Each structure stands twice: as structure tokens, then as C-alpha cells.
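Right, one structure below, let's go through it.
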Amino acid sequence: MKKAIGYMLISVLGFALMNLTVKFLGRLPATELVLFRSLISIVLTVYFLKRRHIPLFGNQKKYLILRGIFGVIGLTLFFYTLQKLPLGSAITIQYLSPIFTAFFAIFILGEKMYKIQWLFFAVSFAGIAVIKGFDPNISLPLFLMGLGSAVFSGLAYNCVRKVKDTDHPLVVVFYFPLMAVPVMGIISLFNWVTPIGWEWGLLLLMGILTQIAQVYMTKALQNAEVNEITGLKYLGVIFALGFDFLIFDVQYRPMALVGIAMVLSGVIINIIYKSQKRRKALSAQTNIS
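Take the sequence shown: its letters are residues 1 to 289, numbered as in my numbering.
Here it is in C-alpha cells:
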């Protein structure tokens with residue numbers, strides 16, 4: 001469990017810095033950013049897979065393909081909201097993904113959900129409602145895009161967990177760009193904007209940071225239950241608020257900050273509760289044996 005937490009913390013920092021590069025690349029279409037990110041990722045992933053003599057296409061191809069499709073949809077929606085909203089607001093909405101992850105895990109992974117967990121999740125959803133009501137930047141279309149990003153991310157995380165015993169983390173990462181490159185390549189033909197100057201360097205940095213974050217997130221998800229570990233992603237909100245305040249001079253209304261705190265509180269309490277339940281269950285099994 002400690003190893004999984006360490007992996008997820010590295011992933012959170014990587015994604016936070018990646019989100020910052022996306023914000024600076026607001027001149028480029030979100031689909032184009034996903035394309036560049038995927039091109040860099042596919043080169044790096046294939047290199048490391050070949051170097052370690054790991055087969056590219058894995059074993060559970062159904063769930064690997066679904067992981068790629070869900071991930072591409074979720075990321076495209078997320079990048080668009082990142083470009084249009086303050087970082088803190090965009091990331092907080094998207095970070096409802098652990099709730100959808102836990103919900104889908106009931107059906108896809110057969111993981112147990114306790115009744116009180118729904119109360120914790122209700123607190124987080126109430127927090128999102130408060131943010132929506134007190135942040136004038138969040139229009140209904142952008143809110144729904146952020147919510148859609150969270151839903152598809154939750155599905156993708158469950159697919160990652162589904163292949164934890166059969167496929168290497170690099171193989172899981174490989175399926176994202178494998179799905180993204182052809183789709184985003186075709187879409188980008190119709191709204192292409194050529195990067196200029198420092199944008200090329202930011203695109204490269206975005207791809208490298210994404211690769212690091214994806215690999216360590218995959219390792220984390222494969223070393224702990226989904227319900228326990230994905231909530232740590234919420235720490236990214238703290239980074240986002242810091243970037244908004246220090247770099248973009250964004251001023252949040254007090255009630256919007258209350259909403260963000262509610263979101264974080266609901267998920268953090270859920271993590272603590274779930275971890276305690278798991279420890280008790282493991283202790284009971286040990287005593288029986």
C-alpha cells in the first residue's frame with residue numbers, strides 16, 4: 001500500500017506540471033495537444049517496451065483497447081476545460097473521477113462499496129455544485145464537459161485495474177497513444193494550428209511529464225484497490241490553486257474555495273474509511289488462518 005501511495009504522489013506531481021503546460025498552450029486546439037502528447041508517448045513507450053523485450057500488444061486486448069478509448073475521450077474533454085477555465089475549477093470538476101471509478105468498480109471489478117461511502121461522495125458532489133454556483137467562469141457546457149471527462153476517466157481506471165495481473169504497466173500506457181494517434185490525427189487535419197517558438201518545447205515537456213505521470217499512475221492502480229488509491233489525485237487541486245494564484249492571478253470567491261474544500265474532504269474521508277475497512281478485513285483473515 002505504501003508503495004502504491006508513493007507511485008500515485010509522483011503521478012500527481014507529474015500531472016500537475018503537465019496541466020500547467022496545457023494552460024500555457026491555450027492557442028493550440030485541445031485535439032492537437034492530445035495528438036502531440038500521444039506521439040511523444042508512443043515513441044517513448046515503444047522504446048522502453050522493446051528495450052525490456054516486452055510484447056507490445058499485451059494479453060487482455062479488450063480491456064486494453066477500452067482503456068485507450070475511454071482515456072482518449074476523457075483527456076480531450078479535460079484539455080478543453082483546462083484551456084477555458086481556471087486550473088483549480090477545471091481540475092476539481094475532473095477530479096470527480098474517483099467517485100465514478102468507485103461506482104464502476106462495483107460492476108467491472110466486483111469491489112465492495114459501503115453505504116456510508118455514498119455520503120462521502122455526496123459531500124464531494126455538493127462541493128462541485130457550490131463551485132458551479134459561485135464561479136462565474138463555469139458555463140453549463142464546460143461543466144458537462146468536465147463531468148464527462150471524469151466519467152470516462154473512471155471507466156479507464158477500472159480497465160487499468162482489470163489487467164493488473166496480466167499486463168505490464170508500459171503495455172497499458174501504450175494503448176492510450178495507440179488509440180489516440182489515428183483519431184486525433186484525422187481530427188487535427190481539419191483544425192490544424194502550427195506551433196511556434198517556445199510552444200514546441202512546451203509540447204515536448206508536456207509529453208515527457210505525461211509519460212512519467214501515466215506510468216506511475218498505472219503502477220499505483222496495479223498495486224492497490226481502485227477505491228483506496230485514486231482519491232490521492234485530489235492533491236492535484238492544491239497544485240492547481242497555487243498555480244492560479246501565483247502565475248495566473250486568479251481570484252476565487254470564498255464560497256468557491258468552500259466548494260473545493262468540500263470536494264477534497266469527501267474523497268479524503270472516503271480514502272481513510274476504505275483503508276481502515278481493508279486493514280480490519282486483512283486482520284480478520286490473518287486471525288482465522
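For every residue, glycine included, the Cβ atom is placed at its ideal position computed from N, Cα and C. Model, not experiment: these values are computed from the prediction.
query	result
Alpha carbon to alpha carbon, what distance is there between residue 27 and residue 88?	20 Å
Looking at residue 185: is its Cβ nearer than 8 Å to the Cβ of residue 35?	yes
At the level of alpha carbons, what is the spacing between residue 191 and residue 111?	42 Å
Would the stretch 5-25 count as touching the stretch 153-165 if we require 3 or more Cβ pairs under 8 Å?	no
Would you kindly check if the distance between the Cβ of residue 130 and the Cβ of residue 22 is under 8 Å?	no
Examine the Cβ distances between the stretch 40-53 and the stretch 166-176 and report whether three or more of them are shorter than 8 Å.	yes
Among 59, 94 and 19, which one has its Cα closest to the Cα of residue 263?	94
Quick one, are the C-beta atoms of residue 216 and residue 7 less than 8 Å apart?	yes
Are there 16 or more other CB atoms within 10 angstroms of the CB of residue 114, so buried, or fewer, so exposed?	exposed
Secondary structure at residue 166, three-state DSSP: helix, strand or coil?	coil
So, with DSSP's three-state summary, where would you put residue 145?	helix
Residue 164 and residue 83: beta carbons closer than 8 Å?	no
Is the beta carbon of residue 149 closer than 8 Å to that of residue 74?	yes
Going by beta carbon distance, what residues of the same chain come within less than 7 Å of residue 123, once the five residues before and after it are set aside?	262, 265 and 266
Please go through the stretch 174-251 and give each complete beta strand (DSSP E) segment of 3 or more residues, from N-terminal end onward.	none
Determine the burial state of residue 143: buried for a count of at least 16 other Cβ atoms within 10 Å of its Cβ, exposed for fewer.	buried
With distances taken between CB atoms, is the gap from residue 67 to residue 109 smaller than 8 Å?	no
Whole angstroms is fine: what's the gap from residue 206's alpha carbon to residue 25's?	10 Å
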